[in-house]
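Chains as they are written, first to last, in this note's numbering: chain A, 1 to 366; chain B, 1001 to 1366; chain C, 2001 to 2366; chain D, 3001 to 3366. A virtual CB, placed ideally from N, CA and C, is assigned to each residue, including glycine. Computed from a prediction, not measured in an experiment: that's the story for all the values here. The structure under discussion appears below in the form of structure tokens.
There are 4 protein chains.
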Amino acid sequence: MAGSTFGTIFKVTTWGESHGKALGAVIDGCPAGLPLCEEDIQKYLDRRKPGTSSITTPRKEEDIVEILSGIFEGKTTGTPISLMVRNTSQISKDYSEIASYYRPGHADYTYDQKYGFRDYRGGGRSSGRETLSRVAAGAVACKILEQMGISVCAYTRSIGAIQADLSHFDRTAILETATAMPDRKADDAAISYLEGAKKQSNSVGGCMECRIEGLPAGIGDPVFEKLDANLAKAVMSIGAVKAVEIGDGCKVSSRFGTDNNDAFHLEGGKVVKTTNHAGGVLGGISDGSTLLIRAHVKPTPSIYTTQETVNKSGEEININIKGRHDPIVIPRAVVVMECMAALTVLDAMLINLSAKLENVVEFYRK
Amino acid sequence: MAGSTFGTIFKVTTWGESHGKALGAVIDGCPAGLPLCEEDIQKYLDRRKPGTSSITTPRKEEDIVEILSGIFEGKTTGTPISLMVRNTSQISKDYSEIASYYRPGHADYTYDQKYGFRDYRGGGRSSGRETLSRVAAGAVACKILEQMGISVCAYTRSIGAIQADLSHFDRTAILETATAMPDRKADDAAISYLEGAKKQSNSVGGCMECRIEGLPAGIGDPVFEKLDANLAKAVMSIGAVKAVEIGDGCKVSSRFGTDNNDAFHLEGGKVVKTTNHAGGVLGGISDGSTLLIRAHVKPTPSIYTTQETVNKSGEEININIKGRHDPIVIPRAVVVMECMAALTVLDAMLINLSAKLENVVEFYRK
Amino acid sequence: MAGSTFGTIFKVTTWGESHGKALGAVIDGCPAGLPLCEEDIQKYLDRRKPGTSSITTPRKEEDIVEILSGIFEGKTTGTPISLMVRNTSQISKDYSEIASYYRPGHADYTYDQKYGFRDYRGGGRSSGRETLSRVAAGAVACKILEQMGISVCAYTRSIGAIQADLSHFDRTAILETATAMPDRKADDAAISYLEGAKKQSNSVGGCMECRIEGLPAGIGDPVFEKLDANLAKAVMSIGAVKAVEIGDGCKVSSRFGTDNNDAFHLEGGKVVKTTNHAGGVLGGISDGSTLLIRAHVKPTPSIYTTQETVNKSGEEININIKGRHDPIVIPRAVVVMECMAALTVLDAMLINLSAKLENVVEFYRK
Amino acid sequence: MAGSTFGTIFKVTTWGESHGKALGAVIDGCPAGLPLCEEDIQKYLDRRKPGTSSITTPRKEEDIVEILSGIFEGKTTGTPISLMVRNTSQISKDYSEIASYYRPGHADYTYDQKYGFRDYRGGGRSSGRETLSRVAAGAVACKILEQMGISVCAYTRSIGAIQADLSHFDRTAILETATAMPDRKADDAAISYLEGAKKQSNSVGGCMECRIEGLPAGIGDPVFEKLDANLAKAVMSIGAVKAVEIGDGCKVSSRFGTDNNDAFHLEGGKVVKTTNHAGGVLGGISDGSTLLIRAHVKPTPSIYTTQETVNKSGEEININIKGRHDPIVIPRAVVVMECMAALTVLDAMLINLSAKLENVVEFYRK
């Protein structure tokens, strides 16, 4: 039932529906003393804002965040930080028809089965708009990680058949292209590809990836709370994600051990891995190299061609979905992935403070 | 720190190291009234027992489970069920050498970084032997699911380059072949393949899959506690798993929406999906069709060729690992995947009991 | 750190400070289908509203609740219910002086020690105003319990030396008197008593009690999650509560077993207890009789006589607190106790749905 | 359902019944590097061992603890510590009769109502013997607290009408007297008092108290996770405890503010309280003075006089309980209280490591 809380120490609770009054997040357990203002969060929200290019929904939402608690004289106080974004662009009439039937690829049927009825306006709680709250909270996690020299960077790896060329990784392109690809050439190709799909009233899937750099070794916990297990959950919980890979991911299943093990060597006296097939995690605990996570995202289920389905009266019908939908989820989901990864890693780092007794004793002896 | 507990209502806590005195699990929150005896659990443990074929470690462990609490007159009482398996075949001298260096692909380095030192005997807590506790607990979950008409079935899909042919799915072969493949021909081919690798002192990766059938629609929770997110965590937490897919998984990223949406239709008055690209889950909640999860498993990192690494004195060295290791993880990991899936699904079902107020009110009105 | 979440299934997260923009609560895990509107909550908030009598703070707050999410067509949807109350009457200048020193009996010193600094305006998060969020959430729990025939009723038992006579329990008086006593005569006496204390710039302690009626036997869990243990935590977490008793409470420590055991007998075929020394709970599980909890509340620490303390510059000083404070906490805390008890009991009832396997199996066979 | 886990970071799960094969505890989240052996735990278990004086049950249990995991080369590894004590003195025939009826003051009726049946041998999971696991785990917490200069000391304050004189607190007497009183004279008087009660086949209640010294200011969390709230839960969860007081406890309800506030002053440059009515906690957070908790314990419900009750066939009957029972719970419960307090405080201290951002950043910059 209670599925809207994430994290153990840095604990985020989100709320809100696509067409309700507002959406928001409460962060409980944020360490005290972080300088924080609305602008810190707004710049992350702006990255997932709709209506910014030809390949996102024309729905215009300003998505202005308001901090309601937890800050005093510009700094976090250690008590809950409440963040809220008012909905301003709900056009509920668009959705009145879908109340009566189940859209393929959507959660209409499953919510009805679980709860007996559903808020059908724009998908209600199951709308991608829910991720707005994750981004608001994740922006705070990112700011803390930055202070510790850790960078979290997600980007689009492929859109349909179009792959970004990562050998010339262009970090600035991620924020500047409509596709969030780190490759401007691929961005051009992907936009043509998407426009082709749009003309055919179709939608497209894609793949996004996240790199976490600067993370010290030793983060994550054994057995069930492995860092990669929690990242998999965090990323798979983003609607439309159907597969998660760590490091070389799926490729390992057809490999020999000699090709997959990462040798250790020394670099300036530091232990480092010669390769990084593992993607920065060994036995569920970070190994000091780049953490690499990949997510495969399904095509937007809202397509404008005729589809077969069933209505609530128990009849088979044909439907044509209307409304305002992105032909592809990924460009706006990239920042969501970044934020979920940041929340996961930060929480693991806070839990890790008590790993060694000598550190605990020293902390309280000060 | 505390990474050894899984689940919210049906809560499992595991403990034990590869070469300690014993391993075990405590199940807290098992509903009262389930007939349960050691044999129910033993038959699951026997499926992951080493030494049963030429392709598993020659280490012989009887792995006999003892139920220490929670059962009275043959039935669960609702209080904690404590399960223990004594270690009997520890040959600690095999491992004394590895105390001084970091094996590639293992958690030696990361545990040392996290905790300052490690139990190096057979990998200690990071050993695959830890999964014994998961299987002991999962066997109980499986028995409960069975009573509700839900079957959980995992199997090997591929080993290195050898794929099982799933079009003639042979369920009995899963339990009868050394590879746990549902295809006896592929099993033969895979064994040859493995023996080839073994001769070259190498190890092999593979892919395993799990099908959950009979699960009603409506299981799982919105946002962070999606059923597929929790399954991804559960499966990714099994050591050596590097990727998790739900339904069509990675394939969706290169697809168009028209090819990926599953239409709804009626079958005997029931709403069903025409196809199952989604793998049985929509918006994180089960949709009544088969739940399908796939895991990609890396080759066993313990290989018998010379490898480069670093020792604790800070020197680059070459090592040759000894000991008794499986050339492939999967055949014994299949039952672990089955058990983790069962634990996840059962817990979600117990949480789901309070989804609708009318059910809660009716329960207490009785 | 993260101290603002309560409950396992019916999970409440609160946020907000005395002089921030707003306060609120998010309820995650509320069963779907409960008719709910702002008025249901407002009537509970009105019971803790300040400024309603001569014995509460003259601070006027309208405390109007707004439901921001989780309701559709007048009913709960099963997704998070976000509740918010805007602050409208902050007079921050009243508090500017207290930034520099530690008020006796307040959390000024401990918050500074924990977090390095504090939001000193009106006590910030440690203000009694925080309980507004608990009442907003508790009102929803109360409404659900009502639907199951369970009533939760808290009242004032004593104020300083003045005891209510419970032998003629006057339930209507609880809502109608300024003291929330179930005895109008004692209410008169208590008001005189309080006015005497006020004249001497003093404050007064008191005792409040809560009765839960209609609760079925079998609620609560063994060992650490006993119903009385969770009630003790819930009630002790209300600022100013210094002792919690269940049933006959402290009296049991000077008693013989023959005087303390409650015999069982039959009443209309039902097992009932002849007496209720135990207060409705045996072995941490409800026994079907009235649940009785008592809380002892300290006098308001904000008093208007000169007090000795220390300032942040490390000097011993004399202070005279200003501001607008209740001479007694209890009349407004009674509804907080009621709400905390309701939240505790409801959560235990939702957890209890999976106690017996036969119920679980039957639920899913339907 | 799942009531047997305690703590967030230092997480303890207990299991076992009075007459099962064994009882035990799993500690997950114990910081790595603590020297720990069985003797460290045994000395705590010996303090609650039955059969050591005329005023405890004649049941003889050696209660020898075995450490099954989590220790390597004499130190904790950071992974789960599994502790087990085999039952050796179960005389189950003593209890066969009670299967058919509900003993007054016991959990027989409530367990039957909750689970449909119960393990009636010696009370099963609801037996006081369950606390053995708490003591085993608590001993580890105590050892860690000691390393940080924190002492936790519980003792008997009163037995029936006999009060210990705390003005000449005799710490050695706690461990050396049969009553665990810090006053040898009161111990003599209490033993006479208990023998008188025993002659009349009666039992006696009492009061126990716990002092935590050396705890730094700043421990505990706001709102629901207040240190005193968690201590109240921890102590109330011990069977037979019916009231918990912090500091002056119940007395505050009849006091004026001028008599209850603790002034601050300076002592050697340190902020200290002139008095300690608050019992060491302000706003739920420790204030650096002695933490004081008091618990009122009911008389043992197993008495040897004739009692009225109801049997499972629905008849009113008279019963005479047999078996081996303590005439008073407290002397053996004192160490349980000490352990529960230690577990609570240690967990709060580990959570507190992330309170200030500057500490977190500094930790990872090292």
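Residues of the region 2346-2357 of chain C with a C-beta less than 8 Å from any C-beta of chain D: Ile2351, Asn2352, Ser2354, Ala2355, Lys2356, listed in chain order. Residue contact check for Ile2009/C against chain A: a CB pair falls below 8 Å.
By the neighbour-count definition (other C-beta atoms within 10 Å, threshold 16), Leu3023/D is a buried residue. For Cys1153/B, no alpha helix (DSSP H) encloses it; the enclosing beta strand (DSSP E) starts and ends at 1151-1159.
Annotation for Leu1036/B: no beta strand (DSSP E) segment contains it, and DSSP assigns it neither H nor E. By the neighbour-count criterion, in which a residue is buried when 16 or more other Cβ atoms sit within 10 angstroms of its Cβ, Ala3234/D is buried.
Contact check for Gly105/A and Asp1287/B: beta-carbon distance about 11 Å, past the 8 Å limit, so the pair fails to qualify. With 16 or more neighbouring CB atoms inside 10 Å of its own CB, Asn2230/C falls in the buried class. Chain A places a beta carbon closer than 8 Å to that of Leu2068/C, counting this residue as a contact. Counting along the chain, Cys3339/D sits inside the alpha helix (DSSP H) bounded by residues 3330-3351.
The beta-carbon separation of Pro3031/D and Gly3078/D, rounded to 7 Å, stays under the 8 Å limit for a contact.
Here the region 1188-1204 of chain B lies against the region 1302-1316 of chain B, with 3 or more beta-carbon pairs under 8 Å apart.
The beta carbon of Glu3017/D lies closer than 6 Å to those of Asp3119, Gly3124, Arg3125 in the same chain, with the five residues before and after it left out. Taking a contact to require three or more Cβ pairs closer than 8 Å, the region 2133-2141 of chain C and the region 2039-2048 of chain C qualify as touching.
Per DSSP, reduced to three states, the secondary structure at Lys2043/C is helical. Taking 8 Å as the cut-off, the Cβ atoms of Asp2228/C and Gly2284/C count as close. In the DSSP assignment, Ala2022/C falls within the unbroken beta strand (DSSP E) covering 2022-2028. Taking all protein chains shown into account, Leu194/A has 16 or more neighbouring C-beta atoms within 10 Å of its C-beta and is therefore buried. Cys2250/C places its beta carbon less than 8 Å from that of Cys3250/D.
If you look at Ile2081/C, you'll find it in the beta strand (DSSP E) that goes 2081-2086. Using a CB distance cut-off of 8 Å, Ile144/A counts as an interface residue toward chain D.
Close to chain B, meaning a Cβ-Cβ distance shorter than 7 Å, are the following residues of the region 2026-2047 of chain C: Pro2031, Ala2032, Gly2033, Leu2034.
Neighbours of Glu3225/D in chain C, taken as residues at a C-beta separation under 7 Å, are given in chain order as Gly2003. For the set Lys21/A, Lys60/A, Ile64/A, Thr14/A, the Cα lying nearest the Cα of Cys37/A is the one of Ile64/A. For Arg3121/D, no alpha helix (DSSP H) run applies, since DSSP gives it neither H nor E. Contacts with chain A at 8 Å (Cβ-Cβ) include His1106/B.
The Cβ atoms of Asp2326/C and Thr2088/C do not sit closer than 8 Å to each other.
The beta carbon of Glu1245/B sits closer than 6 Å to the beta carbons of Arg1294 from its chain, once the five residues preceding and following it are set aside; these are given in chain order. Nearest to Val281/A by C-alpha distance, out of Ser1237/B, Cys1339/B, Glu1130/B, Cys1210/B, is Ser1237/B.
Taking 3 residues as the shortest admissible run, the region 1272-1337 of chain B contains the following complete beta strand (DSSP E) segments, listed from N- to C-terminal end: 1291-1297, 1307-1310, 1316-1319. Distance check between Met84/A and each of Trp15/A, Thr274/A, Glu66/A places Glu66/A closest, using alpha-carbon atoms only. DSSP, reduced to helix, strand and coil, places His168/A within a helical segment of the structure shown. Cα atoms of Gly2239/C and Gly2128/C: separation of roughly 7 Å, rounded to the nearest angstrom.
Beta-bridge partners assigned by DSSP to Glu245/A: Arg294/A, Ala1243/B.
At the C-beta level, Leu343/A and Phe117/A stay beyond 8 Å of one another. Three or more Cβ pairs drawn from the region 2155-2162 of chain C and the region 2204-2223 of chain C lie within less than 8 Å of each other, which places the two stretches in contact.
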